[in-house]
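Following: one structure in structure tokens, then a few remarks.
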Amino acid sequence: MKKIKIGICGWGTVATALHRSILENKNQIKRTHQVDLEIVAIGARRDNPKYSAGKTKVLRNIFDVLDEDIDVLVELIGGTDDAKTLISSSFEKKIPVVTANKAVIYEYGDILFKEASNNGVDFLFEASVCAGTPTINLLKNDLAGNKFLSIKGMLNGTSNFIISQMEDGMSFEDSLSFAQENGYAEADPTFDIEGIDAAHKISILSNIVFGSPLPPNEFLIEGISNITKQDIYIAEKLDFTVKHVSSADMKDGKLLIRSNPALVQKSDYLSSLKNVRNGLVIDTDLIGKIHISGSGAGGEATAAGVISDIVRLASESTNHNATSKEDLKYRQISDELFSFLIIVNSSSENINSDVLDMLAEHNISIRNSGLINDGNKSDMTCFFETEEITSINLQEFLNDLDNLSSNFKTLRIEK
Ligand SMILES: NC(=O)c1ccc[n+]([C@@H]2O[C@H](COP(=O)([O-])OP(=O)(O)OC[C@H]3O[C@@H](n4cnc5c(N)ncnc54)[C@H](OP(=O)(O)O)[C@@H]3O)[C@@H](O)[C@H]2O)c1
């Protein structure tokens with residue numbers, strides 16, 4: 001039986017869950033995978049008050065873990081620069097690395113893949129996207145032979161949790177506080193609610209399936225921080241749900257990556273996934289659409305992804321990270337055709353007919369529209385679902401709309 005000696009750096013939510021899971025499931029892993037996992041050392045600059053390392057050796061300087069007799073370094077400190085230095089140091093010592101850190105891969109992916117390859121060591125990161133829900137290795141290994149057409153999903157559990165609470169009547173602020181109380185959102189939730197975390201993840205997936213660089217070229221990144229209960233109510237009336245959607249798709253040999261809140265038809269697979277669930281729809285030439293969903297966060301779920309990588313190290317050399325393509329061509333989001341939901345709030349009684357006239361002047365056809373009055377004539381809300389237009393058409397219309405009411409918003413509608 002193969003033994004794998006593990007060094008863990010970081011001693012927070014995922015690292016402690018990993019320690020516990022390895023101890024608890026050691027015998028199961030031995031039986032099913034013929035691998036004996038042993039945690040040799042932990043790099044923790046302080047103790048974790050919620051969990052004891054027991055008999056495992058603890059080193060206060062995380063870099064000292066690299067001097068131990070280990071077969072793999074598990075980087076769980078998070079962040080970018082220190083994590084990059086730690087991972088690069090591990091490669092220099094020819095020690096493979098497993099990480100759950102999407103931020104460091106987003107920022108330094110191309111450099112780290114090259115360093116791993118130059119040093120002939122493996123660099124695995126299954127848990128960086130959708131935690132332990134199989135995603136990265138599915139794309140890298142199991143779907144080999146397929147040409148990828150698109151990959152689209154909800155990659156941020158916190159955003160999905162907040163929107164689900166708002167569907168049940170909570171305000172954005174109360175939903176965010178509730179998510180923080182339940183451990184689903186960080187004290188600083190910026191990365192989650194501004195779409196940055198999801199943008200990191202779709203960039204990693206796009207690198208694997210389409211060869212886009214890491215860090216990627218600039219693309220549309222918007223979060224859910226401006227979504228209101230009214231948006232959700234109107235979406236519901238039109239048979240949509242609001243979701244945070246990230247996608248990468250190739251059309252006519254050109255790639256478009258984006259990460260933004262959007263209206264998803266209720267009949268769509270992604271629409272049914274509530275709370276912290278992550279979900280992905282992968283479209284390939286040979287299989288067609290593949291649907292995946294599962295828990296995208298949490299110590300145990302993430303530890304599961306890390307363990308699957310460690311076990312993989314025992315069975316195969318996997319040193320084949322996607323190399324970025326230098327000649328990749330891109331589409332511009334501003335040229336793409338989308339339907340939009342336009343919501344206008346105004347105190348004018350004529351706002352609905354005025355906006356309809358203006359839409360006609362801009363040759364924008366509508367599929368659906370409606371009016372919400374709440375019995376108070378001085379506060380009107382009207383909404384319009386457009387046929388497909390470009391963002392450039394939309395912007396020209398919005399420039400004129402600003403003369404009627406400055407209180408308006410738009411939401412993209414998924415095809
Ligand atoms: N939590 C999840 O659900 C989840 C899901 C998927 C992926 N991930 C990823 O997994 C990684 C770990 O997440 P986590 O939730 O476990 O984070 P966490 O609870 O904040 O733990 C981070 C740990 O790393 C330590 N640390 C941070 N910077 C360090 C440095 N420069 N030197 C030494 N130690 C350092 C922290 O020590 P101090 O306590 O002293 O600061 C803490 O022990 C992150 O990359 C995260 O994005 C997490």
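Note that this note's numbering gives residue 343 to position 343 of the sequence shown, counting from 1, and the numbers run on in steps of one. Even glycine gets a Cβ: it sits at the ideal position worked out from N, Cα and C. Please read all numbers here as calculations on a predicted model, not as lab measurements.
To the nearest whole angstrom, what separates the beta carbons of Asn368 and Leu238, a pair I think is in contact under 8 Å? With 8 Å as the limit, Asn368 and Leu238 qualify as a contact, their Cβ atoms being about 6 Å apart.
For Asn27 and Ile282, what's the separation of their Cα atoms in angstroms? Taking the Cα positions, Asn27 is about 34 Å away from Ile282.
Burial state of Met380 (16 or more Cβ within 10 Å): buried
Given the structure, does Thr80 come close to ligand 3, in the sense that its CB is under 7 Å from one of the ligand's heavy atoms? Summarising the ligand content, the structure contains ligand 1 and does not contain ligand 3.
Among the candidates Ile221, Ile366, Asp231 and Leu23, whose CA atom is the shortest distance from the CA of Met166? Asp231
Take Phe240 as the anchor and find which of Ile163, Arg312, Ser212 and Glu173 has the nearest alpha-carbon. Among Ile163, Arg312, Ser212 and Glu173, the Cα nearest to that of Phe240 belongs to Ile163.
For Asn403, which residues of its own chain have a beta-carbon under 8 Å away from its beta-carbon, when the five flanking residues on both sides are left out? Closer than 8 Å at the Cβ level, and outside the excluded window around Asn403, lies no residue.
Could you check whether the stretch 293-300 touches the stretch 123-131, counting it as contact only if at least three pairs of C-beta atoms, one from each stretch, sit closer than 8 Å? yes
How about Val98 and Phe91: do their beta carbons lie closer than 8 Å? no
Endpoints, the alpha helix (DSSP H) within which Leu255 is located: Segment Lys254 to Gln265 is the beta strand (DSSP E) holding Leu255; no alpha helix (DSSP H) there.
I'd like to confirm something about Gly298: is its beta-carbon nearer than 7 Å to some heavy atom of ligand 1, or not? Gly298 Cβ: within cutoff of ligand 1.
Is Lys201 near ligand 1, in the sense that its beta carbon is under 7 Å from a heavy atom of that ligand? no
Where does Ser315 land, buried or exposed, given buried means 16+ other C-beta within 10 angstroms? With fewer than 16 other Cβ atoms within 10 Å, it is exposed.
Taking only heavy atoms of ligand 1 into account, decide whether any of them is closer than 7 Å to the Cβ of Ser128. yes
Leaving aside the five residues before and after Lys409 along the sequence, list all residues of the same chain whose C-beta is less than 6 Å from its C-beta, in chain order. Ile343
Tell me whether the stretch 146-153 and the stretch 329-340 touch, counting them as touching only if at least three CB pairs, one residue from each stretch, are closer than 8 Å. No contact exists between the stretch 146-153 and the stretch 329-340.
Rounded to the nearest angstrom, what separates Phe113 and Thr323 at their Cα positions? 8 Å
Looking at Ile42 and Ile8, is the spacing between their C-beta atoms short of 8 Å? Yes, the pair counts as a contact, with Cβ atoms nearer than the cut-off.
Kindly identify the DSSP beta-bridge partner or partners of Ala248. Ile151 and Ile257
Hey, would you say Leu394 sits closer than 8 Å to Val355, going by beta carbons? no
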